[in-house]
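Reviewing the structure listed below.
2 protein chains.
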Amino acid sequence: MKPSIIRLRALEKQLYAYLYAMTVIDFDAETVAPEGSADGRAEATEVLSRASFDLLVNDGTAALLKEAAADAETEQERAEVRNLQRQYDEIARIPADEYAAFTKLCSQSVPAWTKAKRTNDFSLFAPYLEKIIAARRAQARYFAPDRDPYEVLLDRYEKGLTIAQCDEFFATLRETIVPLLADIQTRGKAVRTDFLDQEWPIDAQRRVSKKIMELWGLDPAHCYLAESEHPFTTEFWRGDVRITTHYMPRDIFSNLYSVAHEGGHALYELNINPDYDYTVVTHGATMGIHESQSRLFENLVGRSRAFVHYLYPTLKELFPAQLADVSAEEIWRAVNRAEPGLIRTEADELTYSLHIMVRYELEKALMQGTLAVADLPAAWNAKYKEYLGVDVPDDAHGCLQDIHWSMGDIGYFPSYALGSAYGAQALDDLRKTNDFDAQWANGDMEPLKAALKERVWQWGSMKEPAWLVESLCGGKFDPHHFTDYLKKKYTELYEL
Amino acid sequence: MKPSIIRLRALEKQLYAYLYAMTVIDFDAETVAPEGSADGRAEATEVLSRASFDLLVNDGTAALLKEAAADAETEQERAEVRNLQRQYDEIARIPADEYAAFTKLCSQSVPAWTKAKRTNDFSLFAPYLEKIIAARRAQARYFAPDRDPYEVLLDRYEKGLTIAQCDEFFATLRETIVPLLADIQTRGKAVRTDFLDQEWPIDAQRRVSKKIMELWGLDPAHCYLAESEHPFTTEFWRGDVRITTHYMPRDIFSNLYSVAHEGGHALYELNINPDYDYTVVTHGATMGIHESQSRLFENLVGRSRAFVHYLYPTLKELFPAQLADVSAEEIWRAVNRAEPGLIRTEADELTYSLHIMVRYELEKALMQGTLAVADLPAAWNAKYKEYLGVDVPDDAHGCLQDIHWSMGDIGYFPSYALGSAYGAQALDDLRKTNDFDAQWANGDMEPLKAALKERVWQWGSMKEPAWLVESLCGGKFDPHHFTDYLKKKYTELYEL
């Protein structure tokens, strides 16, 4: 290994340590930190993030990256240089004062959004959103002055993703899902839901979590399950991944599918090649690829007929009174029912992508200047009516529901929908050589896990996202696998 | 504020941030971190502690401290300079290579001790202990070449503490406790203990924890209760203190008195003057002063007759079957029973100090060269026979039981005993103007808390330990308050 690579590795390990500290601090904040703990945490994280920034962005790092780029000999070394250079450019190409101003803007924008949502007053957030869009447009120009600024942002979250690909993707979804949903609503067979709203004791729900973790093969020596307001996954390092769930006394499936979903994220992180430990290629690749794994385990596996039938005896044993007259088939239908609603995070497998589509179209229009911030609420409400058939009662349940834009995250939403589509195509390809339904009907996840580890997990972010997507899908990405899956599943479920 | 003080404050806040990160990481490790998480944590903490070390120890800091010492105008500014200078000297007076070698020695010594304890083989630990003693002797010489090296170490943990004071203190304890214990064993009235070993449901035990936290006035917005193998208190900052407990299904009092004890530590940290936030004077002073507060709330309050009688109806309500035929008086006697044993951490209020005395006498002799490491086990066993009347069956239950020496902590043990004595004297003084028994019999802790806040808590470590001890005690320290308290309490309890 050349001396520059040795120095690069040392820098990567330092950056790892700061990231580790910030991650533990965040995890603590989201799980058990007392309510009045925020001030001291803010003081500490400001110092630590500044120290981490200073480690990365300086002339020494710039020179080291240049030297290491010339010296890199292995694929891993080249990937480390490439990914660290991207992190560097992300910050360093923006003039320092603009970067600081943007950080400050976001820190002011989040509380403004919180207040706007709480008081249902979009005008409190609008001026911040205008500034955020202007700043993001300016930043995009530093990266690629001649390119559509929204596409520059898409590329930031999913390396290589274009507006054309997104447009085609969402058009395909719209053509399938909108009429399918209409069909379900006009002539679908009713799904039994009366048994859902009961008391489901938390102790028994905890045993459901344990069962799912066992089935997914999440080793408690390396994967801890905590509780938080909103479920999430966070990786301290490859050997220590934390997932969280939230128990609701009157909803057994919220916890079950949270653990199934976060467990998918965790499997990815836990199965990355140990050679990448403490380097910048050690974590899962893009958010879209990460979501492909979590949604695959949550929906394609967890909500499959085979798996629900497999889980049925366990559920009956844990909840004998609650499920006394409920069949496995009725559970399968209930956890898959399609119900257009207002809130993205509560959406079912079928309508979820429509929520994302609304956000994609609106943020693209905002960035391209064809929609003014002042007109956002009306545009939002019109699209919800058109795609989901629902009337938005107020902005708190409409365009103010998500935190993303207030944090400066524009171009991030499409990843949520792409993940589901990647997963569907991967399964179609893997089914050619695997009888998953028979395996899942026995609770056997090993063949699926082995295939995903080979295609995606092991690589961390050493491979480019486009390569990983193709490896996962077993070929060029084609959203029709996802729409065909939805059509087949929902036609059967609603006996259309 | 002079410019040098402003720069000093900035440095203090940076050091605070690193300490915050390390504290959160430790807390996570002790409470919920999965078993297989250690490697990545070690890598991260090595980087962070090195970064924190480099922030403190450099020529710039040395110059800044000099400048700030001349510029300090207020008492707080002077205290910050003084305490930071001490932290600096602690490290910087030792040659860098010796400091690094000692850090490495301790990191090897702890696993060696663990293995020695597990396999009951003192010879595995002896060579490390020899090196640790030699290194500590050498270090003491850098601080004060003409002073007894053991006294230099005592001073390190309890600023101003001398061997003469310690000798006198332990002599007073020995003269009282050894014959008192013999008296109890020969002619004390038997204490009823048959009801202790029962099933005490954990859910009800959790409500006991909650009750104690409420009575102590520990606001859950600033004080979180977690679970860990061994109970401890850790402060993230003045507004965020964590305490832990451990629930044992067949022991209700272990948890109760753990929360009472750790709650005392927490009250101290939570009541420090907010003006000291993020500076080096923001935490409680020495370990002895800290223990005075925790043992005060655990023993002097929590094991008092008045308080046990106050708590009795709550315990009866939570454990009606377990306590059906047990009186408040029987509980009071049971939680105060004196039983000489082998293990320090399980000792009662009376015999605890004897365990500390053994360690004090032995570590002093080791440091002064009058006891060889090879002779430690025999010396240990002889003292346990003499003071506690017990036969030590093996070194695992004898001189290998505590981790302290393996971590390089020599001179630390006396603080454990001093704390109890400080607290007893403080209460004697405060009782002149407070009827605590009447207050505690009503569950009223406010007058006690107000007095302790005024005398000690508010000051953090801005005042010198000697000043704080005198403020707490209401005069010069005199261990007879503690021995008189023990004599009176145990004479009454055992009807001697």
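Listed in order, the protein sequences are those of chains A and B.
Residue numbers are given in full-length UniProt numbering: position 101 of the first sequence equals residue 101, and the series is strictly consecutive.
Residue numbers are given in full-length UniProt numbering: position 325 of the second sequence equals residue 325, and the series is strictly consecutive.
Glycine included, every Cβ here is placed at the ideal spot set by N, Cα and C.
May I ask you to report which of helix, strand or coil DSSP gives residue i?
| i | result |
| --- | --- |
| residue 243/A | strand |
| residue 494/B | coil |
| residue 373/A | helix |
| residue 12/B | helix |
| residue 461/A | coil |
| residue 1/B | coil |
| residue 164/A | helix |
| residue 584/B | Nothing can be reported for residue 584/B: it is not among the residues displayed for chain B, which extend from 1 to 496. |
| residue 523/B | Nothing about residue 523/B can be read from this structure; chain B reaches only from 1 to 496. |
| residue 445/B | coil |
| residue 194/B | coil |
| residue 480/B | helix |
| residue 283/A | coil |
| residue 380/B | helix |
| residue 297/A | helix |
| residue 218/A | coil |
Which same chain residues end up closer than 8 Å to residue i when comparing Cβ atoms and leaving out the 5 residues on each side of it in sequence?
| i | result |
| --- | --- |
| residue 88/A | 56, 57, 61, 62, 65 |
| residue 232/A | 30, 243, 244, 262 |
Taking the straight line between their C-alpha atoms, what separation do you get for residue i and residue j?
| i | j | result |
| --- | --- | --- |
| residue 476/A | residue 470/A | 5 Å |
| residue 186/A | residue 213/A | 39 Å |
| residue 10/A | residue 296/A | 36 Å |
| residue 394/A | residue 253/B | 54 Å |
| residue 335/A | residue 380/A | 28 Å |
| residue 219/B | residue 34/A | 9 Å |
| residue 178/B | residue 103/B | 39 Å |
| residue 46/B | residue 51/A | 16 Å |
| residue 371/A | residue 300/A | 36 Å |
| residue 329/A | residue 181/A | 21 Å |
| residue 311/B | residue 156/B | 40 Å |
| residue 423/A | residue 114/A | 33 Å |
| residue 198/A | residue 250/A | 5 Å |
| residue 204/A | residue 315/A | 9 Å |
| residue 293/A | residue 343/A | 23 Å |
| residue 526/B | residue 321/B | A question about residue 526/B goes unanswered here, because the residues of chain B that appear run from 1 up to 496. |
| residue 378/A | residue 362/A | 11 Å |
| residue 408/B | residue 136/B | 8 Å |
| residue 463/B | residue 201/A | 53 Å |
| residue 184/B | residue 482/B | 18 Å |
| residue 426/B | residue 318/A | 56 Å |
| residue 429/A | residue 402/B | 59 Å |
| residue 444/B | residue 437/B | 10 Å |
Among residues of its own chain, excluding the 5 on either side of residue i, which ones have a beta-carbon nearer than 6 Å to its beta-carbon?
| i | result |
| --- | --- |
| residue 457/A | 268, 271 |
| residue 366/A | 133 |
| residue 27/A | 234, 242 |
| residue 280/B | 12, 80, 83, 84 |
| residue 359/B | 413 |
| residue 384/A | 390, 392 |
| residue 376/B | 399 |
| residue 192/B | 330 |
| residue 154/A | 161, 411 |
According to DSSP, what are the bridge partners of residue i?
| i | result |
| --- | --- |
| residue 227/B | 245/B |
| residue 237/A | 240/A |
| residue 251/A | 248/A |
Identify, in the order they occur along the chain, each residue of the same chain with its Cβ nearer than 7 Å to the Cβ of residue i, setting aside the five sequence neighbours on each side.
| i | result |
| --- | --- |
| residue 144/A | 152 |
| residue 29/B | 41 |
| residue 109/B | 128, 132, 406 |
| residue 209/B | 225, 245, 255, 259 |
| residue 24/B | 236 |
| residue 305/B | 332 |
Inset, instruction - For the segment 71-147 of chain B, list the alpha helix (DSSP H) runs that are entirely contained and at least 4 residues long, ordered along the chain. - result: 75-92, 96-119, 122-143
Inset, instruction - Go through the segment 324-373 of chain B residue by residue and report every complete run of the alpha helix (DSSP H) that reaches 4 residues or more, in order. - result: 328-336, 352-368
Inset, instruction - Enumerate, from N- to C-terminal direction, the unbroken alpha helix (DSSP H) stretches of 4 or more residues contained entirely within the segment 300-326 of chain A. - result: 305-318
Inset, instruction - Report the residue ranges of all alpha helix (DSSP H) runs contained in full by the segment 37-62 of chain B; include only those spanning at least 4 residues, in chain order. - result: 38-56
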